[in-house]
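Heads up, the thing below is written out as structure tokens.
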Amino acid sequence: MYVVAVNLVVDAKDADAFADRLKQHAKNSLTQSGCLGFSVSADHDAPGSFHLWEVYKDAAAFEEHKNADFMADFRDFSGPLVKNRVLATGDQIA
């Protein structure tokens with residue numbers, strides 16, 4: 000399985016609206032046949048910091064996700080708000 004871990008940081012004042020949009024984004028992602036899991040958490044110690052844990056069948060499924068219409072909408076919404084983004088990918092080993 001192909002795993003994607005993402006940390007997104009927005010201003011604390013935008014955190015509630017961003018969280019709502021992330022919840023919808025997770026629901027949209029889970030409708031894709033190649034998306035096996037999509038979790039979002041809000042950081043306890045850093046308001047406005049969110050952690051995403053995404054699991055896909057394979058790298059091709061992640062590419063499909065990146066090219067989905069709803070992903071383009073999410074990028075348009077989140078682009079101006081995200082102050083920092085860290086993304087890591089890997090193959091699940093356990």
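Oh and the sequence shown: position 55 is 54 in numbering that gives the first Met the number 0, straight run, nothing missing. All residues carry an ideal CB built from backbone N, CA and C; glycine is no exception. Quantities reported herein were computed from a predicted structural model and do not represent experimental measurements.
For residue i, which of helix, strand or coil comes out of DSSP?
i, result
"Asn27", "helix"
"Leu80", "coil"
"His43", "coil"
"Ala14", "helix"
"Gln93", "This sequence places Ala at residue 93; Gln is not what is there. Ala93: coil per DSSP, three-state reduction."
Spatial neighbours of residue i within its chain, please: CB distance less than 6 angstroms, with the 5 preceding and 5 following residues excluded, ordered by chain position.
i, result
"Val85", "Asn6"
"Phe73", "His24"
"Phe69", "Asn27"
"Thr88", "Val3"
"Asn83", "Val8"
Between which two residues does the alpha helix (DSSP H) harbouring residue i extend?
i, result
"Ala60", "Ala58 to Lys65"
Straight-line CA distance for residue i to residue j?
i, j, result
"Tyr55", "Val39", "15 angstroms"
"Phe17", "Ile92", "31 angstroms"
"Gln31", "Val81", "24 angstroms"
"Asp90", "Gly36", "14 angstroms"
"His50", "Val9", "12 angstroms"
"Lys12", "Gly47", "8 angstroms"
"Cys34", "His64", "8 angstroms"
Taking 8 angstroms as the cut-off, is the beta-carbon of residue i closer than that to any non-hydrogen atom of the ligand ATP?
i, result
"Met0", "Looking at this structure, you won't find the ligand ATP or any other ligand, since it has none at all."
Could you check where the beta strand (DSSP E) with residue i kicks off and where it finishes?
i, result
"Val96", "No answer is possible for residue 96: the residues shown for the chain start at 0 and end at 93."
I'd like to know whether the C-beta of residue i is nearer than 9 angstroms to at least one C-beta of chain D.
i, result
"Leu86", "The structure shown contains no chain D, having only a single protein chain."
Leaving aside the five residues before and after residue i along the sequence, list all residues of the same chain whose C-beta is less than 7 angstroms from its C-beta, in chain order.
i, result
"Ala58", "Tyr1"
Near residue i, what residues of its chain come up, given a Cβ to Cβ distance below 8 angstroms and the 5 sequence neighbours on each side ignored?
i, result
"Ala45", "Val8"
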